[in-house]
Each structure stands twice: as C-alpha cells, then as structure tokens.
Amino acid sequence: MPCPLLKRLWEHSLSGSSILNGFIRTYCLSHVILVFFGYTVMNECVLFSAPPVVHAFATKSVRDPKKVRLTCLATGFYPKDVELCVRKFGTSIPEHLITSSGIRHNDDGTYQLRKSMEINGDDPTDYDCYVHHSSLTEPVMKKWGAVGGVIVILLIVLAVLFFVLIKKRMNGEYKCFCTDSV
801 MPCPLLKRLW EHSLSGSSIL NGFIRTYCLS HVILVFFGYT VMNECVLFSA
851 PPVVHAFATK SVRDPKKVRL TCLATGFYPK DVELCVRKFG TSIPEHLITS
901 SGIRHNDDGT YQLRKSMEIN GDDPTDYDCY VHHSSLTEPV MKKWGAVGGV
951 IVILLIVLAV LFFVLIKKRM NGEYKCFCTD SV
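For reference, each letter of the sequence shown is one residue, going 801 to 982 in the working numbering.
This is the structure we're talking about:
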C-alpha cells in the first residue's frame with residue numbers, strides 16, 4: 801500500500817484536517833513520481849543517489865604568476881558524504897595544504913565540493929583528482945597536466961608550420977596551385 805506512514809497519520813488524526821489531507825496527497829504524488837523514475841522506497845523513506853560529475857582544471861595563480869592553481873570540482877552528487885582528494889603520484893596531499901569550499905548545496909538538492917592547491921608552474925609531477933561516492937561502482941580519477949602539455953606541443957607545432965610556410969612564400973618557393981579563371 802503506498803504511503804503507509806502517512807496513511808497511519810491520517811487514520812489516527814482526530815480532526816482529519818485539510819492541511820494533513822493536502823500533505824498526504826502531495827507526499828503520495830511525489831512518492832509515485834519517485835518510484836516511477838526508478839528511486840527506491842525503503843522503510844517508508846525515499847532513498848536515492850546521484851553520482852558526482854568531476855572536473856579537474858588548472859588556472860594561473862592570481863598571487864604568483866609562476867604558480868598554477870589546480871582545482872578539483874565534484875558536483876551534482878547525493879547523498880552528501882563524498883571523498884575528494886588531490887593526489888600526487890597517487891598519494892593524497894595533506895588537507896592543510898589544500899583550500900576547500902566545504903560541501904555546498906546546489907539548487908537542485910544535490911551537493912558540490914571544490915578543492916584546490918597551488919603548485920610551481922614548471923612542476924612536471926603527476927597530479928590527479930580522486931573522488932569516491934556511494935553512488936559510484938568505482939572511484940573517478942581525473943588527471944591534470946597531460947591535456948595542457950598536449951595543447952602546448954600542438955601550439956608549438958602549428959607556430960613552426962606557420963613560420964615555415966611564410967618563409968617559403970617570401971622566398972618564392974611556395975606556389976599557389978590555384979587556377980585563375982577569367
């Protein structure tokens with residue numbers, strides 16, 4: 801029988817007030833919607849979970865131009881308990897070296913947590929963002945650095961290619977294979 805807790809409240813209510821009646825109808829409707837969308841009802845309480853979406857990004861430090869700020873953001877998770885670590889070579893960085901936002905509410909009822917730290921810009925160390933939550937079958941790990949290094953190499957290759965093409969064009973070695981039709 802749907803909404804057994806609220807049904808008992810209604811049956812034991814002396815006045816049968818319209819406020820309680822409205823509450824039961826609202827709760828039962830939300831109960832049916834939650835069951836329809838795949839959430840679990842146990843012990844007369846609605847239980848559901850949402851996995852975190854994890855982002856790892858690096859920005860230049862505001863205080864020191866030679867440093868980079870590594871940020872790890874886990875958002876959209878429920879329930880509130882989550883483990884988020886910034887790691888160096890797979891070992892967690894001590895919390896006193898990390899800046900944390902603390903767990904915050906999102907507008908949709910889920911939560912978010914952001915942690916960051918500053919490192920030297922020329923530090924080639926392997927850092928990652930490790931997140932474990934009850935809704936995940938295995939932890940999420942996002943790495944920093946690899947994407948940034950690839951982008952830098954790609955930009956250097958494009959700059960060299962552009963420079964070579966300009967030089968060849970100036971020396972007359974590069975000819976356009978276009979046909980002029982009049």
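Cβ coordinates follow ideal geometry from the N, Cα and C atoms, glycine included.
None of the values given here were measured: they were computed from a predicted structure.
- [ ] Per DSSP, which residues does L873 bridge with? Please list them.
- [x] H855 and R914
TODO: Kindly list the residues whose CB is nearer than 8 Å to the CB of G902, restricted to its own chain and excluding five residues on each side of it in sequence; keep chain order.
DONE: L913
Task: Inter-residue spacing [alpha-carbon to alpha-carbon] between K915 and V957 - done: 34 Å
Task: Same chain, Cβ closer than 6 Å to T987, neighbours up to 5 away in sequence not counted - done: With the chain represented from 801 up to 982, any question about residue 987 goes unanswered, as that position is not in the structure.
Task: Simplified DSSP state of N906, which is helix, strand or coil - done: coil
Open item on the list: Measuring only the C-alpha atoms, how far is K880 from S892?
Closed with: 21 Å
TODO: From the DSSP output, in three-state form, read off F962 for me.
DONE: helix
Task: Cβ-Cβ distance between V868 and G909 below 7 Å - done: no
Open item on the list: Spatial neighbours of K942 within its chain, please: C-beta separation below 6 Å, excluding the five flanking residues on both sides.
Closed with: V854, A856 and C929
TODO: Quick one: give me the first and last residue of the beta strand (DSSP E) that D928 is part of.
DONE: Y927 to H933
- [ ] Taking H905 and P851 to be in contact with their CB atoms under 8 Å, please state how far apart those CB atoms are, rounded to whole angstroms.
- [x] Not quite, the Cβ-Cβ distance comes to about 17 Å (not below 8 Å), so this is no contact.
TODO: Rounded to whole angstroms, what's the CA-CA distance from G890 to L961? Just pull it up for me.
DONE: 38 Å
TODO: Within the same chain, show all residues whose beta-carbon is closer than 8 Å to that of I898, passing over the 5 residues directly before and after it, in chain order.
DONE: V886, K915, S916 and M917
Task: Whole-angstrom distance between K967 and Y927, CA atom to CA atom - done: 40 Å
- [ ] Report yes if the C-beta distance between A874 and V931 is below 7 Å; otherwise report no.
- [x] yes
Task: Beta carbon of Y911 nearer than 7 Å to that of F877 - done: yes
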